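First up is the structure itself, then whatever we jot down about it.
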Amino acid sequence: MPVPEKSPLPDSPSWRVLAYFAAALLFFVLARLFLGGPDAAEISYSDFKQRIAAGQVAEVTLQEDRVVGRLLQAQAVGKDGRNSAWFSTRVPRMGDDELLKALEAANVQINVVAAPGWEQLAYGLPSLILLGLLVMAVWRTSRMAGGSLGGGTDLQRFLRSVVRTADRPQTTFADVAGQDNAKRDVEELVAYLREPARFERLGAQVPRGVLLMGPPGTGKTLLAKALAGEAAVPFFSISGSEFIEVFVGVGASRVRNLFEAAKKQAPAIVFIDELDAVGRTRGTGFGGGHDEREQTLNQILAEMDGFEPHEAVIVLAATNRPDVLDPALLRPGRFDRHVVLDLPDRKDREAILAVHARKVPLASDVDLANMAATTPGFSGADLRNLVNEAAILAAREAQQRVAHRHFVEARDKVILGSMRSLAIQPDERHRLAIHEAGHAVVAFFLPHADPLYKVSIIPRGRALGGTQQLPEYERHTLPEDYLRDRLAVMLGGRTAERLMLETVSSGADDDIRQATALARAMVARWGMSEAVGPVDLRDSEEHPFLGREIAQPRHFSESSAQAVDDGVRSLLNEAERRAGEVLNQHGGALERLVAALEAEEDLDRARLEQVLQAPVASAAPPARPQGIDPPRAA
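First residue of the sequence shown: 4, per my numbering; consecutive thereafter.
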């Protein structure tokens, strides 16, 4: 049975009102065009007065400022010169007191008629249409915002357009790989939602607000859905930015509607994603107390304070910026329980990869444990993207299964970007090989640097090449000797260019930026400069929100700021000097690696060790400049 086509215009009162307005406008326009009396030729007012004086006018009809007349006999009138006995003209707005006297003197019959009602209405119709559209817009806005002009709230439309609901989420804790500590923290909430009477009988009050904190992609939303799935309760989710609209009061109304719907279906879970979009510290922006965001935040606080003891509604919120939240959100009775979701460690990464690879046919050579070991710093979202990219690569090659090489290529694509076919000149390619070899040699021979994993001069993403290091284990603290070696590795590429080519290039732009940021953190935050000492001198750039920057003025002097700059420069100069020493001492390894990169373009760990550990007759530096001058002190 064929499905009837749906009308492109929805059958709603607003569309019907617009149709009525359009029909009325068309009617009055046509009326003015076709119901205006006889076909009169338009003449000028001066011509009209001349014809009166010449005795050619038989009668006139006066209607407001319009004059329609009949000549004694048809003759050529108007701009087109056609023969007609009828003419029309307009009387000047300032009036003409002599007109009636001239008409009476010429024995012209004078008729005076009032303007028809439709014509008067036609003149005012545009204003009426604009007024009607304005009233309709206010009416529709009041309905969406919960006002009284439209006859109450339209909760069903609100939920359908803003709040995403799932009656009973199918996600459970089994779908959340890793994050064992976070799951343990929220397990008692499941018991409360399943059997609230057991807690109420003993007078226990389970936290009504739980704040999920962690970097992007660590599974905060997934954990919230799993909590609702385990407890088998309705799940209401909304993003913090969706509360804010251009109309004042809409955000607060949406908060009221959201909590009202959750209370009706209690026990239930309300999840607010990106809480920092609406919950930033109040009173520090330009909007003051009338700011729409502040009104929305105040309504959230009021709703959380208004929970009755028997209302089993738990509010979950997620943020990756807990430092900018308003303190009122974090006090007891609101979001007083904080659950931290960290980036997954090696064991958790393997479990996450296994979850995402359940529906992917894997080849026998795929080792998820090895892939987990080579993806430090990946979040759960990154790992899901990795599996998806590997499957896409296999499908592109029309393979039946996803192989290990697909995972390797997908990992490089996620980290460095897609391969680019870029025409590079031989001299530029040689400089690129020297630059990447400099990073690799310094990383290989410094005792505290992370081990090398791969070096490539194949353009990927925005980079022309790359040197990848793989930490031996997950680091939770960063020792000073490790950080100093890391600075030397960052500046190793620039130092190798100066050593072998006597000049440097712009290719070290990102290296210098990262090294400067790390050195500044070492001096201003971690007290790793003897000249500055253990003092926190971080500046306001770490608080990108305007309000927080105003609230926290600079708390150190210009001399302290200069000391930080001097300490940063000293660390970078020392790192460049150490990189130069390593490259001078292992010049043969540097030359061998440059040659291998130019020949093979991409070297893995085994090949790197083979090239860098090859026995040589002497450890003399490269034949071109015999060294580099140490950096001058600032």
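Ideal Cβ positions, reconstructed from N, Cα and C, are used throughout, including at glycine. All values reported here derive from a predicted model rather than from experimental measurement.
Quiz item: When burial is assigned at 16 or more other CB atoms within 10 Å of the CB, is residue 547 buried or exposed?
Solution: For residue 547, the predicted structure reports a pLDDT of 44, less than 50, and the residue's modelled location is therefore unreliable. The matter cannot be settled from this model.
Quiz item: When burial is assigned at 16 or more other CB atoms within 10 Å of the CB, is residue 480 buried or exposed?
Solution: exposed
Quiz item: Count the other CB atoms within 10 Å of the CB of residue 232; is the residue buried (16 or more) or exposed (fewer)?
Solution: buried
Quiz prompt | Which listed residue (614, 90 and 574) has its alpha carbon closest to that of residue 448 | solution = 614
Quiz item: How do the segment 300-309 and the segment 360-367 stand: do at least 3 beta-carbon pairs fall below 8 Å, yes or no?
Solution: no
Quiz prompt | Segment limits, beta strand (DSSP E) that includes residue 422 | solution = No beta strand (DSSP E) holds residue 422; DSSP gives it neither H nor E.
Quiz item: Taking the alpha helix (DSSP H) that residue 515 falls in, what are its first and last residues?
Solution: 512-527
Quiz item: Is residue 174 near residue 223, with beta carbons less than 8 Å apart?
Solution: no
Quiz item: In whole angstroms, what separates the C-alpha of residue 237 from that of residue 344?
Solution: 23 Å
Quiz item: Expressed to the nearest angstrom, what Euclidean distance is found between the alpha-carbon atoms of residue 550 and residue 284?
Solution: Confidence at residue 550 is low in this model, with a pLDDT of 43, below 50, so the placement of that residue should be treated as unreliable; the coordinate-derived value is given next. Spanning the two alpha carbons is a distance of roughly 7 Å.
Exercise. Find out if the Cβ-Cβ distance for the pair residue 299, residue 258 is shorter than 8 Å.
Key: yes
Quiz item: Using 8 Å as the threshold, is the segment 506-522 in touch with the segment 454-461, meaning 3 or more CB pairs across them?
Solution: no
Self-check item: Cβ neighbours of residue 571 in the same chain (closer than 6 Å, five flanking residues each side left out)
Solution: 522, 523 and 526
Quiz item: When we look at the beta-carbon of residue 392 and count the other beta-carbons within 10 Å, is it buried (16 or more) or exposed?
Solution: buried
Quiz item: According to DSSP, is residue 315 helix, strand or coil?
Solution: coil
Quiz item: Does the pairing of the segment 208-218 with the segment 239-248 give three or more beta-carbon distances under 8 Å?
Solution: no
Quiz item: Contact between the segment 575-590 and the segment 420-429: three or more CB pairs below 8 Å?
Solution: no
Quiz item: Are the beta-carbon atoms of residue 578 and residue 487 separated by less than 8 Å?
Solution: yes
Quiz item: Relative to the C-alpha of residue 347, which residue among 183, 90, 94 and 512 is closest?
Solution: 183
Exercise. Check whether the segment 322-334 touches the segment 258-270, taking contact to mean three or more Cβ pairs, one atom from each stretch, closer than 8 Å.
Key: no
Self-check item: DSSP beta-bridge partners of residue 114
Solution: 64
Quiz item: Just the Cα atoms here: how many angstroms apart are residue 434 and residue 390?
Solution: 35 Å
Practice problem: Flag this pair as touching only if the segment 368-375 and the segment 195-207 have three or more C-beta atom pairs under 8 Å; answer yes or no. | Solution: no
Practice problem: Determine the burial state of residue 60: buried for a count of at least 16 other Cβ atoms within 10 Å of its Cβ, exposed for fewer. | Solution: buried
Practice problem: Taking only heavy atoms of the ligand NAP into account, decide whether any of them is closer than 7 Å to the Cβ of residue 506. | Solution: Looking at this structure, you won't find the ligand NAP or any other ligand, since it has none at all.
Exercise. Could you tell me which of 589, 94 and 466 sits nearest to residue 425, measuring between CA atoms?
Key: 466
Quiz item: With distances taken from CA atoms, which of 303, 95 and 46 is nearest residue 80?
Solution: 46
Exercise. Go ahead and label residue 302 buried or exposed: buried means 16 or more other beta carbons lie within 10 angstroms of its beta carbon, across all protein chains shown.
Key: buried
Self-check item: Exposure of residue 110, with buried meaning 16 or more beta-carbon neighbours within 10 Å
Solution: exposed
Practice problem: For residue 470, I'd like the list of residues in its chain whose CB is within less than 6 Å of its CB, leaving aside the five on either flank, ordered along the chain. | Solution: 439, 442, 443 and 458
Practice problem: May I ask you to list the residues that DSSP assigns as paired with residue 78? | Solution: 87
Quiz prompt | Beta carbon of residue 377 nearer than 8 Å to that of residue 230 | solution = no
Quiz prompt | Beta-carbon spacing of residue 196, residue 315 below 8 Å | solution = yes
Quiz item: Considering residue 355, what are the terminal residues of the alpha helix (DSSP H) in which it resides?
Solution: 349-359
Self-check item: Straight-line Cα distance separating residue 564 from residue 503
Solution: 36 Å
Practice problem: Could you tell me how far apart the beta carbons of residue 74 and residue 88 are, in whole angstroms, since I believe they sit closer than 8 Å? | Solution: 5 Å
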